Amino acid sequence: MTDTSNKDAYDEVFENLQKHNKWFENSIPLIASENVPSPAVREAIISDFGNRYAEGWPGERVYAGCTYIDEVEVQCMDLAKRLFKAEFADVRPISGVVANLAIYSAFSNPGDVMIAPSIPAGGHISHGKKEHSGTAGLVHGLEIEFFAFDPEEMNIDVEKTKAKIQELDKQGKLPKIAMFGGSVFLFPHPVKELADFLKGYNIHINYDAAHVAGLIAGGQFQDPLREGVDTMTMSTHKTLFGPQGGLVLAFEKDADAIKKATFPGLTSSHHIHHMAGKAVTFAEALEFGKEYASQTIKNAKLLAAELDNLGFKVLGEKMGYTNSHQTVVNGLAYGDGGKIEADLE
């Protein structure tokens, strides 16, 4: 406890907000998972929607007062389906992690196996093991196996992964879910190369597009829903320039399972002011997303090449460094990564 008065604490919060804003106005943030929504998106997320509750599906609400909330949410779903050419969209998940949990809940049970990229190979903590405090293992009780990874190609090794699936099947540990996507994501994952093989074992295929959703929406990356995945999850804030939130896309055959997993399974009210911001974001992406995504990738490639020219050890050189928004430098060549980050900050 401190002796700070309530008024002093109140003032200190706003003082720190101002300091933060000034700091970032005069900095070059290089965190690949961050973005800045447009003024229109920010206007939507400070609307009165933020004071209201709306449990359930549009037209089936638990709460009254949802007439216009329902209209916006239906529009939000329609825009998401148009943007990603999907049959079904659930815009209620409040984050990418919650979107992933909806997939785990809808298509697996605790004790089932999921195969995913390991964290050292670029996977996200929401795909991880219980002993690593990963969401899939810790929260949903999944057993996690990892895709074989080719460090030279910076990608999933297709043939070794097929062999691993066959071996897991012999051991009675056949995965229920295969999870593509991750946090370090320089190049498209081999979805086309593995989809038919995985479906031959009746494995549900999900693609976590959190980092590359805007690139997919702009037609500048891969197109997972056309390449064989069953479902696609994402956050709505990274290369997709919206508010922080989540989204699940699927084919109509899986709609009911996802709807029930999202509510009442994982959400109550679902931050409907952010849902309104998502709707504006999807409309913006439909209008401007192709050029935005294309320029984003050009920027990442140029940054990587210039860092390489300056002598930094940039990964992925033989493949053109990156086909996404990310540039990855081998920080181990310069000592402790945490210290480098602290020095730069």
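The opening residue of the sequence shown carries number 15 in our numbering; numbering runs sequentially from there.
Ideal Cβ positions, reconstructed from N, Cα and C, are used throughout, including at glycine.
Note that the structure is a prediction, hence the values are computed from the model and not measured.
Would you mind sorting Asp92 into buried or exposed? The rule is 16 or more other CB atoms within 10 Å of its CB.
Label assigned to Asp92: exposed.
Report yes if the CB atom of Gly45 is closer than 8 Å to the CB atom of Pro257, and no otherwise.
For the record, residue 45 in the displayed sequence is Ile; it is not Gly. Against a cut-off of 8 Å, the Cβ pair of Pro257 and Ile45 comes out as no contact.
In angstroms with no decimal places, state the Cα-to-Cα distance between Phe326 and Glu320.
When rounded, the distance between both Cα atoms is 9 Å.
Please state the DSSP three-state secondary structure of Ile59.
Here Ile59 sits in helix by DSSP.
Check whether Ile191 and Phe121 have beta carbons under 8 Å apart
In contact: Ile191 and Phe121 (Cβ atoms closer than 8 Å).
What's the call for Asp270, buried or exposed, on a 16-neighbour Cβ count within 10 Å?
By the Cβ neighbour-count rule, Asp270 is exposed, with fewer than 16 other Cβ atoms within 10 Å of its own.
Only counting the same chain, and skipping five residues up and downstream in sequence, which positions put a Cβ closer than 8 Å to that of Met128?
The residues are Tyr118, Ser122, His141, Ala150, Leu156, Glu157, Ile158, Glu159, Pro189, Lys190, Ile191, Ala192, Met193.
Taking the straight line between their C-alpha atoms, what separation do you get for Gly214 and Met246?
Those two C-alpha atoms are separated by around 19 Å.
Using DSSP bridges, identify the partner residues of Tyr221.
In DSSP, Tyr221 forms a bridge with Phe194, Met246.
Taking all protein chains shown into account, decide if Ala275 is buried (16 or more other Cβ within 10 angstroms of its Cβ) or exposed.
Buried is the call here.
Between which residues of its own chain and Lys304 is the CB-CB distance below 8 Å, once the five residues before and five after are set aside?
Answer for Lys304: Gly232, Gly233, Gln234, listed in chain order.
DSSP three-state assignment for Val343, whether helix, strand or coil:
If DSSP states are grouped into helix, strand and coil, Val343 belongs with the strands.
Can you name the start and end residues of the beta strand (DSSP E) that Ile139 belongs to?
For Ile139, no beta strand (DSSP E) segment is defined, and its DSSP state is neither H nor E.
Distance CB(Val198)-CB(Asn220) smaller than 8 Å:
With a cutoff of 8 Å on beta-carbon distance, Val198 and Asn220 are scored as not near each other.
Identity of the residue in Asn337, Asp126, Leu97 nearest His218 by Cα:
Taking only the C-alpha atoms, the option nearest His218 is Asp126.
Determine, using beta carbons only, whether Phe201 and Asn337 come nearer to each other than 8 Å.
Yes, the Cβ-Cβ distance between Phe201 and Asn337 is below 8 Å.
When you compare only the Cα positions, how much space is there between Pro53 and Lys33?
Spanning the two alpha carbons is a distance of roughly 21 Å.
In the DSSP assignment, find the unbroken alpha helix (DSSP H) run with Ile311 in it and report its ends.
286-323 is the span of the alpha helix (DSSP H), which, as asked, contains Ile311.
Is it the case that the stretch 99-106 contacts the stretch 260-269, given that we only count it when at least three CB pairs across the two stretches are under 8 Å?
Cβ pair count under 8 Å is three or more, so yes.
Quick one: is Asn361 buried, meaning 16 or more other Cβ sit within 10 Å of its Cβ, or exposed?
The question about residue 361 has no answer, for the chain in this structure spans 15 to 359.
Apart from the five residues just before and just after Glu132, which ones in its own chain have a Cβ nearer than 6 Å to its Cβ?
Looking at the sequence shown, residue 132 is not Glu but Ser. Here Ser132 has Phe160 as same chain residues with Cβ atoms under 6 Å from its own Cβ, once five neighbours each way along the sequence are excluded.
By Cβ distance below 6 Å, which residues in the same chain neighbour Ser47 in space, the five residues on each side in sequence not counted?
Hits under 6 Å: Lys252.
Cys80 versus Ala68 - alpha carbon distance:
Their Cα atoms are separated by approximately 7 Å.
Return the Cβ separation of Gly228 and His138 in integer angstroms, given the expectation that the two are a contact with Cβ distance under 8 Å.
Contact between Gly228 and His138 is ruled out by a C-beta separation of about 17 Å, above the 8 Å threshold.
Please list the terminal residues of the continuous alpha helix (DSSP H) segment that includes Leu208.
Element bounds for Leu208: 205-213.
My output table needs one value for Glu145: the three-state DSSP class, helix, strand or coil.
Three-state DSSP puts Glu145 in a helix.
To the nearest angstrom, how far is it from the Cα of Cys90 to the Cα of Arg240?
In this model, Cys90 and Arg240 are separated by some 22 Å (Cα to Cα).
Can you check which of these residues, Glu301, Ala297, Gly334, Ala293, is closest to Asn360 by C-alpha distance?
The structure shown does not extend to residue 360, since the chain is modelled only from 15 through 359, so no value can be given for it.
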